[in-house]
Amino acid sequence: MKDKILLLIYLILIIFISSLRSLDILFISLMVLFLVYSILPLKINKIKSVKKIFFTVGFFSSIITFPYFIAGFFVGENRWDYFFAINLRTFELAFLTMIFLSKINLFKALDFSKNLTMLLVLVSGFVVIYSKTLKDFQDAFNSRTIEKKVQIQELRNYIKRVVIFFFEKSKETAQETYLAMKSRGFYYDNT
Amino acid sequence: MHIPDGFVAPEVYIPSYAVEVLLISYSFNKFKKSLKEKAIPYLASLSVFSFILMSVMIPIPGGTSIHGMGVASISILFGPWVSFITISIVLFLQAVLLGEGGITTFPINALSLGFLGSMIAYYSYNFFIKFVQEKISLFISGFLSTILSVLLIAIVLGIHPILFIDSSGKPIYFPYGFSVVIPAMIIPHIIVGIIEGILTNLIVLNLKNKINER
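Protein sequences appear in the order of chains Z and D.
Residue 1 is where the first sequence starts when you use my numbering, and the numbers rise one by one after that.
Residue 1001 is where the second sequence starts when you use my numbering, and the numbers rise one by one after that.
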């Protein structure tokens, strides 16, 4: 229940922050978020996480907003308030998401549908395993082509191998998961 | 294509979430009816397979690499509704677990890439195959699904400075109108569309027989 309430609060805050237009209120709400962030016990490296958000969000957001800000000089428009407001909002939303996702068990929060939860648990678990295997494939390919130009035929063979391997693996995984779920008495509840 | 949170108005993303949930429920029930108990494991493994197809990197000149989206391949091989669910799941997990794409931009990405992209790929493939070789038809469907999905995202973004402006006429959310955002998004995605067309060709031709073996 705790996770569902947290998810609801998170969604309300997302809508609230994304509706904010005033630079002052955006700044004050960011300060409040910072305060909450510094007080809350979170199982993450707080400084590292803030830095990561700052650089990632700052980079993507600036790609859109910075040229618009600069273009303002050429048309005689002062756009600094827009520039700060949009970047504050973007940073705040990313920051809020990080705080809540580190406090919410997403699978418990979404368990109003057993099917949805099961699907998300399975996919997120498999994604980690498959990504590691894909990385091995990519490293092997890169090591073979490190000092020469990649030939089209080599690339075709590589993609073919990757696609067939993961397709077969997915087929096996689906069958094994189905049997495992059945043996553990997983029933559909039509939710 | 990963638009950060904050650029899309709640008046746009809330209705988009509603449409996304309705379409997901419809497609999931459709899938569950046909596969019954096997629905969850099959959807899970296909979603992971979609994730892998979205992650396959193609090296391009200059030492960098680019990845396709796999939407057209999944749609042509497994049907547009299955493709829509799996792509939506992958985009959702990317947004909440991997921090790629925002939580407010998720429904827009899912509806454009997952829904529109899948439908365009499936129906354009089935249309063009009547007139041209299968290879060409696959390429066209991969290319069109990419370009038209991106066009929808560009349109959604481009309406923001028209609909959401403050009292002084300045934008509140996304700042660029159609004349900027459409070419800015479409032109770079022509390369992605070509890569997607080639990948669709490779993937579908290699997997078609394996799927028929099932």
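C-beta: ideal position from N, C-alpha, C; glycine also.
Computed from a predicted model, the values in this text were never measured in an experiment.
*Compute the distance between the beta-carbons of D/SER1073 and D/VAL1204, then report whether it is under 8 Å.*
Translated into positions along the second sequence, residue 1073 of chain D becomes position 73. Translated into positions along the second sequence, residue 1204 of chain D becomes position 204. The answer is yes: Cβ separation under 8 Å.
_Is the separation between the beta-carbon of D/PRO1188 and that of D/PHE1174 shorter than 8 Å?_
Here the question's residue 1188 of chain D lines up with position 188 in the second sequence. Here the question's residue 1174 of chain D lines up with position 174 in the second sequence. Not a contact, by the Cβ cut-off of 8 Å.
_Local Cβ density within 10 Å of Z/ILE9, reported as buried at 16 or more and exposed below that_ = Here residue 9 of chain Z refers to the residue found at position 9 of the first sequence. It counts as exposed.
*Smallest Cα separation from Z/PHE141: which of Z/SER131, Z/LEU155 and Z/TYR130?*
The residue labelled residue 141 of chain Z in the question sits at position 141 within the first sequence. Per the Cα distances, Z/LEU155.
*Residues near D/LEU1152 in its chain [Cβ-Cβ closer than 7 Å; skip 5 each side]*: Residue numbering aside, residue 1152 of chain D sits at position 152 when the second sequence is read from its first letter. Taken in chain order, the residues that qualify are SER1112 and LEU1116.
*Cβ-heavy atom distance, Z/LEU20 to the ligand NAD, below 7 Å*: Absence of the ligand NAD from the depicted structure is noted, as is the absence of any ligand whatsoever, leaving it without description.
*asked:* Comparing C-alpha positions only, which one of Z/ILE17, Z/ILE86 and Z/LEU42 sits nearest to Z/ILE63?
replied: Residue numbering aside, residue 63 of chain Z sits at position 63 when the first sequence is read from its first letter. Among Z/ILE17, Z/ILE86 and Z/LEU42, the Cα nearest to that of Z/ILE63 belongs to Z/ILE86.
*Alpha carbon to alpha carbon, how far is Z/ASP3 from Z/ASP189? Give it in angstroms, no decimals.*
On the first sequence, residue 189 of chain Z is found 189 positions in, with the first residue counted as 1. On the first sequence, residue 3 of chain Z is found 3 positions in, with the first residue counted as 1. Unreliable placement is indicated for Z/ASP189, whose pLDDT of 49 sits below 50; the coordinate value is still reported in the next sentence. Taking the straight line from one Cα to the other gives about 22 Å.
*Check Z/ILE39 in the structure and name its three-state DSSP category.*
For the purposes of this step, residue 39 of chain Z is identified with residue 39 of the first sequence, where counting begins at 1. Three-state DSSP puts Z/ILE39 in a helix.
*Can you say whether Z/ALA180 is buried or exposed, counting buried as having 16 or more other CB atoms within 10 angstroms of its CB?*
Taking the first residue of the first sequence as 1, we reach residue 180 of chain Z at position 180. Burial call: exposed.
*Give the residues of chain D in contact with Z/ILE164, contact being defined as C-beta atoms less than 9 Å apart.*
Within the first sequence, the letter at position 164 stands for residue 164 of chain Z. Simply ASN1206, LEU1207 and LYS1210.
*Report all residues from its chain with a CB closer than 8 Å to the CB of Z/PHE137; omit the five preceding and five following residues, and keep chain order.*
Position 137 of the first sequence holds residue 137 of chain Z. So the qualifying residues of the chain are TYR158, ARG161, VAL162 and PHE165.
*Looking at the structure shown, is D/PRO1080 part of a helix, part of a strand, or coil, going by DSSP?*
In the second sequence, the residue the question calls residue 1080 of chain D occupies position 80. Helix, per DSSP.
_I need the straight-line Cα distance from Z/VAL36 to D/SER1149, nearest angstrom please._
For the purposes of this step, residue 36 of chain Z is taken as residue 36 along the first sequence, with counting starting at 1. For the purposes of this step, residue 1149 of chain D is taken as residue 149 along the second sequence, with counting starting at 1. Taking the straight line joining both Cα atoms gives about 39 Å.
*asked:* I want to verify the contact list: residues of chain Z whose CB lies under 8 Å from the CB of D/THR1104, in sequence order.
replied: Working through the second sequence from its first residue, we reach residue 1104 of chain D at position 104. Within 8 Å Cβ-Cβ: ILE14, SER18 and LEU93.
*Using a Cβ-Cβ cut-off of less than 8 Å, give me the residues of the region 1108-1133 of chain D that come near chain Z, in sequence order.*
Residues of the region 1108-1133 of chain D that bring their beta carbon within less than 8 Å of a beta carbon in chain Z are absent altogether.
_Can you check whether the C-beta of Z/THR191 is within less than 8 Å of a C-beta belonging to chain D?_
Taking the first sequence and counting its residues from 1, one reaches residue 191 of chain Z at position 191. Bear in mind that the predicted position of Z/THR191 carries a pLDDT of just 45, short of 50, making it unreliable; the figure below should be weighed with that in mind. Output row for Z/THR191: interface = no.
*According to DSSP, what are the bridge partners of D/PRO1171?*
Residue mapping note: residue 1171 of chain D aligns to position 171 of the second sequence, counting from 1. The partner list for D/PRO1171 (beta bridge, DSSP) reads D/ILE1165.
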